Amino acid sequence: MLLNKCSSTREPMETSAWVLTSLDSRTDKNCNGKKCLLSMLFINAVFIIVFFWYENKPIRWHYESRLRCRQEMLYDKPQIFKPPRSDVLMVTPWLAPIIWNGSYNIDILNAQFHQRNVRVGITVFAMKKYTVFIKTFIETAEQFFMVGHKVNYYVFTDRADDISNFTLPEGRQLVILEVPSYKQWQEVSMRRMEMIRDKANQRFYKEVDYLVCVDVDMRFSDFVGVEILSDVFGTIHPGFYNAQRGSFTYERRQKSTAYIPTDEGDFYYAGGYFGGTVEEVYKLTNFCHKAIMTDKHNSIEAIWHDESHLNKYFLYHKPTRILSPEYLWDNNFGVPQFLKRRRFVAVPKNHNEIRNKRAL
Ligand code: 48C
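Using this note's numbering, you'd call the opening residue of the sequence shown number 17 and step up by one each time.
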């Protein structure tokens, strides 16, 4: 049995000897009955049992879990001079890892997240005609998204009847959140920040540990797991992964709260894929919503709507993890050599058909 060397100044056996000695001396002076001695010995026995149980329970648990990890976790040793990838940037100047295929061991990560019994919420908006995308989204998520972990799908919609019933396995559920829609598709997109913020504050914080906030006109086409989870994460936009900051489609009008000057910027982040802990997502969406409303008040709308505000947020509140374009791809861009996996891809759509025209 493992003894906890650091939690007590006295070893258990020393403890019982000390108690017995003090017992003997006290028995002589002020209590001479056999009954009294027996009750003192009983108390002593209880003390020793409790002491051993308390001192060794956490160690035993930790010891067993470590043992269990050892049995399940045999893997090659990381090599200091052999980085898993040398063709792409693996970490940012602010030490946030960029997640690429081959740069992590998913078995180690799954064991860590199972040990923490982590629950993951994924938010998706299927408003107006976009409800047509939800079936493929959920069916492919069931194949590839956080497989083996607890998942809540939070489907925001103005057309609950359009969301078909899905039979999901234990630990995974679909929650329909009925919300008002807006006339213009740009407004629908931007209001996601407000709605995610409000639900994060009302219920998400009670139900899940992490949130993943994505577009619905997508399909999962390879595994997306706990490797993406961090305090706050963004995703490199597939159209700008190799662009210079001057050609990022940031908001460039100083009148907008999303304004970024041409000599600033790290990456161009996609508006349709961010997340983190519930608390961090609350802060991000609250910031973006307030900025959007300030612009509205000043009669200006950022060039790429919520995506412009997300990029502004991430410039001055750096993400703690960045997802590579593996995590958000459009097959119209082909399959470049560096792209070893396409995990979440855009579903071809006719924007004119699926989006309402901006009101003239
Ligand atoms: O659900 C809707 N309905 C709309 O009429 C317009 C947008 N949206 C939501 O906003 C969907 O979740 C879309 O995925 C998202 C905006 N993103 C896009 O339209 C493309 N993925 C850029």
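A virtual CB, placed ideally from N, CA and C, is assigned to each residue, including glycine.
Since the structure is predicted, the reported quantities are computational estimates derived from the model, not experimental observations.
Nearest Cα to C229 within the set R175, F58 and I212: I212.
L193 places its beta carbon less than 8 Å from that of Y170.
With respect to the 8 Å criterion, G287 and D233 are not classified as neighbours on the basis of their beta carbons. Annotation: the continuous beta strand (DSSP E) that includes N168 extends over K166 to T173. A contact between stretches requires three or more CB pairs, one per stretch, nearer than 8 Å, and the segment 105-123 fails this requirement with the segment 142-152. Leaving aside the five residues that flank Q159 on each side, the residues in its chain whose CB is nearer than 7 Å to its CB run, in chain order, F236. A straight-line Cα-Cα distance of about 18 Å links L111 and Y329. For G262, the shortest C-beta to heavy atom distance toward the ligand 48C is 7 Å or greater.
Here DSSP, grouped into helix, strand and coil, assigns L326 to helix.
Assigned with DSSP and collapsed to three states, F153 falls in helix. Under the 10 Å beta carbon count, E342 is surrounded by 16 or more other beta carbons and is classified as buried. Looking only at S205, A176, R101 and E223, the smallest Cα-Cα distance to R371 is reached by S205. Cβ neighbours of T278 within its own chain (closer than 6 Å, five residues either side excluded): G262.
Residue burial annotation: D231 is buried, with at least 16 other C-beta atoms found within 10 angstroms of its C-beta. Within the same chain, and ignoring the five residues on either side of N302 in sequence, the residues whose Cβ sits closer than 6 Å to its Cβ are R213. In the DSSP assignment, I252 forms a beta bridge with Y285. Inclusion of I115 and L339 in the CB contact set at 8 Å is warranted, their separation being smaller than that value. For G118, the shortest separation between its Cβ and any heavy atom of the ligand 48C does not lie below 7 Å.
In this structure, S237 has its CB at a distance of at least 7 Å from all heavy atoms of the ligand 48C.
Where A127 is concerned, the enclosing alpha helix (DSSP H) starts and stops at I122 to Q131. In this structure, the C-beta of R358 stays at least 7 Å away from each heavy atom of the ligand 48C. F141: member of the beta strand (DSSP E) spanning R135 to F141, first to last residue. Less than 8 Å divides the Cβ of I276 from the Cβ of Y266. For F182, the three-state secondary structure derived from DSSP is coil.
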